[in-house]
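Protein chains in written order, with the numbering used here: chain G, 2 to 203; chain W, -13 to 61.
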């Protein structure tokens, strides 16, 4: 016999199951029927909390946004050079995804499904990095501290390598990087990235 | 409220507004006020945390027309 849950607990239990199923099969790959079956409630109960599948999906995204990464530590440190802050931010981001791999799975599904809400949500998370990189590289160039570089392309390169590290380490878990801890792999790719941003020779 | 310097961080995602605020504050003297305008909703919590950790005083935090306005007094 299932325990009677408060409205809040019921809502949370639906979100929890929905998160797992959306991560596994994507928005279109999951039906309301499957969700209620796993939760063990009738569709009427689910619709009492969420008007539609879209609304439930957005509630899952909303929950992810509550676990939003805090980059404060990375920027209040004494060393706020471009490289140090980038390393600090990346460490926070990687550990957040490692703790919530469902978020990465939903992001991958959203790339194909094209829901506006999810694309905006995931784009916005990467925007912390791309804004940071583009702004700082543009500034460093105007101060002539680095050689001319296309800041937008550099931000894209960075997003690409970090996303690939996450895919390799959190989703595919292939043998290829089995012996390399995620932190080491991240360090190495940032080392390579920093070589792209050559200091200007004066 | 009067202020001594202003930072426009509209359209930028955290932590960039915080980082730019940190640099702007370092150019101020103790007691001077920096006004910041940002649009990232996360900036509300972030500026609170920033002030807690740095000892600068968050004089006000307000939302108007989809933007957030912060007044920070340098410690």
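Virtual Cβ for every residue (Gly too), placed ideally from N, Cα, C.
The structure presented is a predicted model; accordingly, all values stated were derived computationally and were not measured.
Think of a sphere of 8 Å around the beta carbon of residue 128 of chain G: the chain W residues whose beta carbon falls inside it are -1, in chain order. Every alpha helix (DSSP H) stretch that sits fully inside the region 19 to 58 of chain G and reaches 4 residues is listed by chain position as 33 to 40, 44 to 50. The contact set of residue 8 of chain W on chain G, defined by CB atoms closer than 9 Å, consists of 76, 77, 81 in chain order. Within the region 6 to 44 of chain W, the complete alpha helix (DSSP H) segments at least 4 residues long are 29 to 40, listed from N- to C-terminus.
Along the region 25 to 52 of chain W, going in chain order, the ones with a CB nearer than 7 Å to a CB of chain G are 28, 32, 35, 36, 39, 40.
Using beta-carbon distances, residue -7 of chain W does not count as an interface residue toward chain G, since no partner is under 7 Å. DSSP places residue -7 of chain W in the uninterrupted beta strand (DSSP E) bounded by -9 to -5. The closest CA to that of residue 169 of chain G, considering only G:109, G:136, G:23, is found on G:109. Within the DSSP secondary-structure output, residue 49 of chain W pairs in a beta bridge with W:54. For residue 5 of chain W, the nearest CB of chain G lies under 7 Å from its own CB, placing it at the interface with that chain. For the pair residue -1 of chain W and residue 5 of chain G, the Cα-to-Cα distance works out to about 42 Å. Residue G:195 holds the alpha-carbon nearest to the alpha-carbon of residue 85 of chain G among G:195, G:199, G:98, G:156.
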